[in-house]
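Undergrad: The structure is given below, and queries will be raised subsequently.
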């Protein structure tokens, strides 16, 4: 295992120094590296955005025609902007270039947007959605690692739901959980069953009141560590 700068990973993989690597989608595409984006990993989410000073008359990407744009992503900026601009290639502190008179606009990575607001900038448009990604020269070489990482990524997106219910409520509960097919186990109490199901994490708070209304009780929601298949 090698720990290197994220910006170096695309070239290391492309040149065969390593079999696969983890970096940002933005860096892979800025370097135009000859690698495969094998698996989005669900963390490090950010956006490549065009932004201008609050007082700028620019309201859309078309208004950027002919202006100077500072960025550390010259390739992506030229590729994604629909108009011709004058690129100002910088190595960092992109957000201060308009205040210094070095550029009329910027293209930079944004997560919360706080840095833009702090520097008196506002977003014009999102050019690219980015996150951490597993890359490799080919999918076959990355298959073992991709399988292990996919098991974790999928698990983080799901919850294991368990509840007790009368057998008479089973049809209604199964309908609520569709298209997922729950496991049903008999309980010691006559006429009662335990219902287990894997559900998307994003659906949990919607499902809870519906399951309670259908007769579910003692509902447990458990994180999932791995999903192998």
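In this note's numbering, the protein residues as written are 1273 to 1501. Backbone N, C-alpha and C define an ideal beta-carbon position, used for all residues, glycine too.
#1: Can you list, in chain order, the residues of its chain whose CB lies under 7 Å from that of residue 1421, leaving out five sequence neighbours each side?
#2: Between which two residues does the alpha helix (DSSP H) carrying residue 1325 extend?
#3: Tell me which same chain residues have a C-beta within less than 7 Å of the C-beta of residue 1458, skipping the five on either side of it?
#4: What are the start and end residues of the beta strand (DSSP E) that includes residue 1293?
#5: Using a threshold of 8 Å, state whether the C-beta atoms of residue 1298 and residue 1275 are closer than that.
#6: What would DSSP say about residue 1313, mapped onto helix, strand or coil?
#7: Work out the CA separation of residue 1277 and residue 1450 for me, nearest whole Å.
#8: CB residue 1289 to CB residue 1300, shorter than 8 Å?
#9: Can you check which of these residues, 1317, 1368, 1327, is closest to residue 1341 by C-alpha distance?
#10: Buried or exposed for residue 1419, please, with buried defined as at least 16 other CB atoms from any protein chain shown within 10 angstroms of its CB.
#11: Could you tell me the alpha carbon to alpha carbon distance between residue 1434 and residue 1446, rounded to whole angstroms?
#12: From this set, 1362, 1355, 1315, 1468, which residue's C-alpha is nearest residue 1343's C-alpha?
#13: Compute the Euclidean distance between the alpha carbons of residue 1329 and residue 1383, then round it to the nearest angstrom.
#14: Residue 1492 to residue 1448, Cα distance in whole Å?
#15: Strictly by DSSP, which residues pair up with residue 1434?
#16: Expressed to the nearest angstrom, what Euclidean distance is found between the alpha-carbon atoms of residue 1366 and residue 1379?
#17: I need the boundaries of the alpha helix (DSSP H) containing residue 1476, first residue and last residue.
#18: Residue 1416 lies in the alpha helix (DSSP H); which residues open and close that run?
#19: Check this for me: beta carbons of residue 1455 and residue 1292, under 8 Å apart or not?
#20: Looking at the secondary structure, which residues open and close the alpha helix (DSSP H) in which residue 1359 lies?
TA: Based on what the coordinates show:
#1: 1311, 1313, 1406
#2: Taken as a continuous stretch (DSSP letters only), residue 1325 belongs to no alpha helix (DSSP H), being part of the beta strand (DSSP E) at 1318-1325.
#3: 1465
#4: 1292-1296
#5: no
#6: coil
#7: 44 Å
#8: no
#9: 1368
#10: exposed
#11: 13 Å
#12: 1362
#13: 24 Å
#14: 16 Å
#15: 1468, 1492
#16: 8 Å
#17: 1476-1485
#18: 1411-1428
#19: no
#20: Taken as a continuous stretch (DSSP letters only), residue 1359 belongs to no alpha helix (DSSP H), being part of the beta strand (DSSP E) at 1358-1361.
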